[in-house]
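Residue numbers (our numbering): 55 to 309. A short write-up of the structure that comes next.
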């Protein structure tokens, strides 16, 4: 009986996932998001002289992993803002909830679709890795361990931002409000704790502990090429926290 319920849960979540993926790519949302991400990173990494990889003396993709979080801060909320806000606005969320679907199945399917779009945006950037590998002197003079760690960190960062965006979208039926709330939360969760740690009250009295609550601290740790269990647990905990908040927001309709 338990196994049958788990199978049904997976099947329902997969249906929601497919629905959202089809929406992303049938309405050009997915293509536009991927194109904007690649255009921005391409211009910043290869065209603009201040950030161009061609103007640095070391074969490294550090510029990509420094710039990508800022781009994700606005790009991912733009993707997730419609996931629940549009459903709330059109009333289709009521249609979903009348079906034999649990809140976790709806949230899980939408969340995985958002993460899949992040993966789709990151995959083409592997060409940057190949290019820097070829441009190194000697050829292949690239810290592959740190690069792989940075990609893992960027994927985890994107996954956190998707969870934040999903939560923000569940709060309102206005997509613009959803975008603004998600962008603010993404910015604060990533950089906010670092700014707070620099306040006179915390300097020298636990500023390092405050920084550990921020995503930036763990992102920079993984970017060094060392994937520590504590960092992974942190990311999973933050994702779980915001998905739980999302579920609580959806349950408001029952109160």
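Built from N, CA and C at the ideal position, the CB exists for glycine as well.
Listed in chain order, the alpha helix (DSSP H) runs fully inside the stretch 66-105 are 83-96, counting runs of at least 4 residues. For residue 114, no alpha helix (DSSP H) segment is defined, and its DSSP state is neither H nor E.
Its Cα nearest to that of residue 303, the residue 226 stands out among 92, 71, 173 and 226. Comparing C-alpha distances from residue 171 to each of 100, 223, 70 and 75 shows the shortest one belongs to 75.
Rounded to the nearest angstrom, the gap between the Cα atoms of residue 121 and residue 271 is 16 Å. In this structure, residue 103 lies away from residue 240, with their beta-carbon atoms at least 8 Å apart. Here DSSP, grouped into helix, strand and coil, assigns residue 163 to helix. Spanning the alpha carbons of residue 138 and residue 161 requires a straight line of approximately 9 Å. Look at the beta carbons and you see the stretch 199-217 touching the stretch 269-284: at least three pairs across the two are nearer than 8 Å.
In the three-state reduction of the DSSP assignment, residue 279 falls in the coil class. For residue 306, the three-state secondary structure derived from DSSP is helix.
Judged by DSSP in its simplified three-state form, residue 301 adopts helix. Residue state for residue 226 is assigned as coil, using DSSP reduced to three classes. Counting only runs of 4+ residues, the alpha helix (DSSP H) found wholly inside the stretch 245-280 occupies 247-251, 261-265 and 269-277, in chain order. With fewer than 16 other Cβ atoms inside 10 Å of its own Cβ, residue 85 counts as exposed. Residue 263 has its alpha-carbon roughly 41 Å from the corresponding atom of residue 72. Inter-segment contact for the stretch 88-97 and the stretch 175-185 is present: three or more beta-carbon pairs are separated by less than 8 Å. Under the 10 Å beta carbon count, residue 296 is surrounded by 16 or more other beta carbons and is classified as buried.
In the DSSP assignment, residue 184 falls within the unbroken alpha helix (DSSP H) covering 180-189. Of 163, 182, 183 and 236, the smallest CA-CA separation from residue 68 is found for 163.
In this model, residue 257 and residue 94 are separated by some 36 Å (Cα to Cα). DSSP places residue 197 in the coil class of the three-state scheme, outside both helix and strand. Assignment of residue 155 by DSSP, reduced to helix, strand and coil, places it in the coil class.
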